[in-house]
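Peer 1:
In this note's numbering, the protein residues as written are 2 to 1207.
(1) Relative to the C-alpha of residue 498, which residue among 515, 510, 471, 506 is closest?
(2) Out of 981, 1090, 1121, 1044, which one is the CA nearest neighbour of residue 1147?
(3) On the three-state DSSP scale, how would you describe residue 567?
(4) Distance, Cα to Cα, residue 177 vs residue 227?
(5) Entirely within the segment 392-436 and at least 3 residues each: give me those beta strand (DSSP E) ranges in chain order.
(6) The alpha helix (DSSP H) spanning residue 466 covers which residue range?
(7) Between the alpha carbons of residue 559 and residue 624, how many angstroms are there, rounded?
(8) I'd like to know whether the C-beta atoms of residue 1057 and residue 1068 end up nearer to each other than 9 Å.
(9) Hey, out of 967, 169, 145, 966, whose CA is closest to residue 139's CA?
(10) If you compare alpha carbons, which of 1187, 810, 788, 493 is closest to residue 773?
(11) Within the continuous beta strand (DSSP E) that includes residue 386, where are the two ends?
(12) Alpha carbons only, please: which of 1066, 1136, 1099, 1081 is nearest the one belonging to residue 1092?
(13) Quick one, which of 989, 1203, 1165 has its alpha-carbon nearest residue 1185's?
(14) Just the C-alpha distance for residue 417 and residue 606, rounded to the nearest angstrom, thanks.
(15) Taking the straight line between their C-alpha atoms, what separation do you get for residue 356 and residue 363?
(16) Would you mind sorting residue 618 into buried or exposed? The rule is 16 or more other CB atoms within 10 Å of its CB.
(17) Do residue 1153 and residue 925 have their C-beta atoms within less than 9 Å of each other?
(18) Mapping the DSSP letters down to three states, classify residue 205 as helix, strand or coil.
(19) Could you check if residue 740 is buried or exposed, using at least 16 other CB atoms within 10 Å of its CB as the buried criterion?
(20) By Cβ distance below 6 Å, which residues in the same chain neighbour residue 254 in space, the five residues on each side in sequence not counted?
(21) For residue 81, which option in 92, 73, 55 has the closest C-alpha, if you only look at C-alpha atoms?
(22) What is the DSSP secondary structure of residue 677, reduced to helix, strand or coil?
(23) Three-state secondary structure (DSSP) at residue 548?
(24) Could you pull the start and end residues of the beta strand (DSSP E) that residue 1017 belongs to?
(25) Using CA atoms only, rank isn't needed, just tell me which of 453, 591, 568 is closest to residue 529.
(26) Mind pulling the alpha helix (DSSP H) runs of 4 or more residues that sit fully within the segment 766-816?
(27) Measure the alpha-carbon distance for residue 916 versus residue 1151 and round it to whole angstroms.
(28) Where does residue 373 fall in DSSP's three states?
(29) Any contact of the segment 396-404 with the segment 427-437, i.e. 3+ C-beta pairs under 8 Å?
(30) Applying the criterion that 16 or more other CB atoms from any shown protein chain within 10 Å of the CB defines a buried residue, is residue 524 buried or exposed?
(31) What first and last residue would you give for the alpha helix (DSSP H) that runs through residue 1022?
(32) Taking 7 Å as the limit between beta carbons, can you name the residues of its chain near residue 222, skipping five residues before and five after?
(33) Is it buried or exposed for residue 670, if we count other Cβ within 10 angstroms and need 16 for buried?
(34) Helix, strand or coil, according to DSSP, for residue 556 in the structure here?
(35) By Cβ distance below 7 Å, which residues in the same chain neighbour residue 987 in space, the five residues on each side in sequence not counted?
(36) Going by DSSP, which residues form a beta bridge with residue 283?
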């Protein structure tokens, strides 16, 4: 009854006289349809009728096309080229009319009738009244971004021409009721109106339209939404039960999967599945939405009580459970019927499949019905079985010339031996019941641009690669990628086709004229260039890699060592004959690791620790093809191809940064080696390369050039950081020097002398004694350099051989291999006055380092007289794991220029362990340098945004996929009302033990908390406070605050340590007071941190210890002996016996620093620390606390930071 009613509202008045609701067939029979004429079509790029297209290769007649368009709800139908049928909601304009004798093609289903002609349409009315396009502005709405769109029906980009009228017309002609524009060029369509709680202020839609700069087309994650004139669709939905899901490898609902972190409700999932054309929707795990065209079987039903997970978007509702689906109907009619057999067809084998849309193996269970249902659920029109267990899907019917005799399909099905499932290179093909469709926009695909590719091992588009040596055109590549389910297609080198599910990043764009290679299949067209990709969208919506929750990104090629200490230690599994990059990344993600590495073509390694630059290898050293995909690289001989399972590659520490220095063409400042990384350079690659070649310094210049040498940079040539601000060729978010400007780093190789370290000369027996690691130092090898190189990597012994080879190992060679020292007599490559082993003779040294060494040359302490070398005593302080000299200034920041590479912003919404009421971001409003001082300043966010908006933090440093990176405000789960900043040196500078001085003014304002911290780099004792935090100075900003009967106001200062497991966090501090507050003047806060004690002082006061030699810190603080076992492997001051880094910030409120009994200005603190609505209650008291904040005093201002070695 419902379908009939929907059509009746659009019919001619005469239809209402029928007296009852008839079937659609009978209604069509009585409606008047008229021939309107022959019209000129614009071809693939500019269709005249844009609503819908269907091909009827052998059956088209005018009546069939009219009925087809009528059933789709369109007012007009047009036939063309004998077999093509087009539908539209608007009558073609009269100026497109041509003479009837130009429509001359005979219909494929009836040669007595005419069905258009070449670029000519025979156009008819269908009997449905022509819909009138009406545009009405609905408002500005919050969009959820990729994977969580607000308007989920259809998306189309108009890069040069978008206006709201263009989008409205596009959606109207496609039959959608609402149209939305975004980012100046994106158009979205939907059949249902967006919900009111997603409404945003109109001024947040502020982006100019690509096609008319006087008009607005949405904004950043904001949609300008209009109605089109098409009636909105209302659907009936019903809950049908809780069902058992088969997990990732065996989904119950296989049509579509979406993760809607922070926003999922049953209504959102049902709406999404409805607009994608699915009959059933299922929710699971609070945030997962699944769609299917097929009702799940009753045998999979379970108790409703097992669907007990609260919905991420509405905690009052349930969204499935653990491997349990809450399943609903969406209102779309279930239409699956057993497939119609089309015949036996010849398959082209791997690389040339006949059905190219999708492939799935069913080793034990395949039947033709199972395959047909699987392809139907995926939205494919045809299904084919082969080899008894393989199932293939396609949107298009295979061509007749590929037909084979039915007797050649003779292999019994794996799931039913009485049925046939193809044969050897033979497919049993069936239709699934879904109408055949061609890829949208074949030949009219949207050109994205010319992009820089990263070569083998570092592809920009790593979904799939296929070569078409003689036939490649962009259309061929687009169709290939579309059939494989990819959203983007790219061509390169005339014949290479690459596919990807994600759009390449903007910073990889190159000028269009760099894509200049002629297509192998059509010399009049362009298919990329040398390391350049011509990239197009295929028409498929952008998605994530299959089987992953986040895209995995190539990090680089890294050295693995054979000394029993693997680079990646988390997990290892071999996949002979089947390893691919995707397979390994998927495995590591399921195991909970952040990094995936492939080696020898078949080995997969997982780990969560970020690699060090010292392990860097050139991409060409990873050259082994993957066993499971010959187009991909899976490491090499002791080389690992590493990927990060995240949307963005985390920066790898490039070593100690010394600054920006002038260079010249001749002579170069760093003379040892020069390498051009072309399109791939990021800082760690340069320091890693120079380290592997044995040089002390690395210099990065001109975005892509790397220089190595032993020459310490001349301090007289140092320039401001702005001169080293060219974006890196491999990552435009990082800086890689400038024009004749070197960004200089230390490689970390120390300079320990080798006297008294010589062990002897050994016969190496044509089979290296030291097998753990070997490097060739063509220009730098000396016994001293090799010893320091091996020591830095953690080996106990070093050896030099052949003058230029450096080998490392952990076991002293057997004395029976000793030979005369005269046999180790070949001149060293790095010093003609020294010898480095011989022909199969290894000069061995111990890396055991004494307490007195020559100093490291670091920027802060370079001798004024270059002939003077000062002897120093080795300090107990270490930098990034490297020993330094006592008394050296190892870090200094005076904020004389904008924040450089040494500082990185924390970008996250505060969660555990302190739940501050703030979002930390890299916004210049919140952190900047002014008058040679760092200023961190909080800002208060708009109330409407806090209550109804959403956050999606670009470059988030929190845990991907959690609330730390973004969520939608709902109910009492509001967004943080305060934005602030937190910066740190984790990637550039960490140290263990030393003297830290910070000169700063602390903020004044209710509930503000300054953050002058030392944070643990690697959390060896556990997460959060289990590995400790050192607070140099903490002062609550409230002027009149009483807690636990004590004055905790802005005149009360605390310095100390915080530590403990999650359920038992404790602190030990010293306190200081001033008459008014700690903001009126700059004060110097100092930490003395040794292996045995921790002390603090303020200004010129005497230091006060919180732990001294002999006492065990965990016992002094009051932890039980059982809890103290957490730090049992450490020293007396554990957990403060590991590497820490600097962190500066400013937060507001939290669940730790303000006890619940605090009274502020005679009013009780507005929130309870463990209360669910703590953040909401804090925001509701905004009128009180915000009145105490001002631009000048409510800031953290830092004049300098200095760290000195003990």
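Built from N, CA and C at the ideal position, the CB exists for glycine as well.
Only a predicted model underlies this, so the values are computations on that prediction, with no experimental measurement involved.
Peer 2: From the atom records:
(1) For residue 498, the nearest C-alpha among the options comes from 471.
(2) For residue 1147, the nearest C-alpha among the options comes from 981.
(3) DSSP places residue 567 in coil when its eight states are reduced to three.
(4) Distance between the alpha carbons of residue 177 and residue 227 is about 11 Å.
(5) Taking 3 residues as the shortest admissible run, the segment 392-436 contains the following complete beta strand (DSSP E) segments, listed from N- to C-terminal end: 417-421, 427-432.
(6) For residue 466, there is no enclosing alpha helix (DSSP H); the residue is found in the beta strand (DSSP E) stretching over 465-468.
(7) So the two alpha carbons sit approximately 12 Å from each other.
(8) Contact: yes.
(9) Nearest of 967, 169, 145, 966 to residue 139, Cα basis: 169.
(10) It is 810.
(11) First-last of the beta strand (DSSP E) with residue 386: 383-387.
(12) Nearest option by C-alpha distance: 1136.
(13) Looking at the Cα atoms, 1165 is the closest of the given residues.
(14) Residue 417 and residue 606: Cα-Cα distance of roughly 39 Å.
(15) Residue 356 and residue 363 have their C-alpha atoms roughly 17 Å apart.
(16) Buried, because 16 or more other Cβ atoms sit within 10 Å of the Cβ of residue 618.
(17) The answer is no: Cβ separation not under 9 Å.
(18) Three-state DSSP puts residue 205 in a helix.
(19) With fewer than 16 other CB atoms across the displayed protein chains lying within 10 angstroms of its CB, residue 740 is exposed.
(20) Around residue 254: 283, 291, 293.
(21) The shortest C-alpha separation from residue 81 is found at 55.
(22) Here residue 677 sits in strand by DSSP.
(23) With a pLDDT of only 35 at residue 548, under the threshold of 50, the placement of this residue in the model should not be trusted; the figure read from the coordinates follows. Three-state DSSP puts residue 548 in coil, outside helix and strand.
(24) Per DSSP, residue 1017 belongs to the beta strand (DSSP E) from 1009-1017.
(25) Closest by alpha carbon: 453.
(26) List check, alpha helix (DSSP H) in window: 784-793.
(27) Taking the straight line joining both Cα atoms gives about 5 Å.
(28) In the three-state reduction of the DSSP assignment, residue 373 falls in the helix class.
(29) Under the Cβ criterion (8 Å, minimum of three pairs), the segment 396-404 counts as touching the segment 427-437.
(30) The C-beta of residue 524 has fewer than 16 other C-beta atoms within 10 Å across all chains shown, which makes the residue exposed.
(31) Segment: none, residue 1022 is in no alpha helix (DSSP H) and carries neither H nor E.
(32) Scanning its chain for C-beta atoms nearer than 7 Å, with the 5 sequence neighbours on each side dropped, one finds around residue 222 the residues 143, 144, 146, 953, in chain order.
(33) Answer is buried; the Cβ neighbour count reaches 16.
(34) Residue 556 falls in the strand class under three-state DSSP.
(35) So the qualifying residues of the chain are 905, 1018, 1142.
(36) Residue 283 has 291, 328 as its beta-bridge partners, per DSSP.
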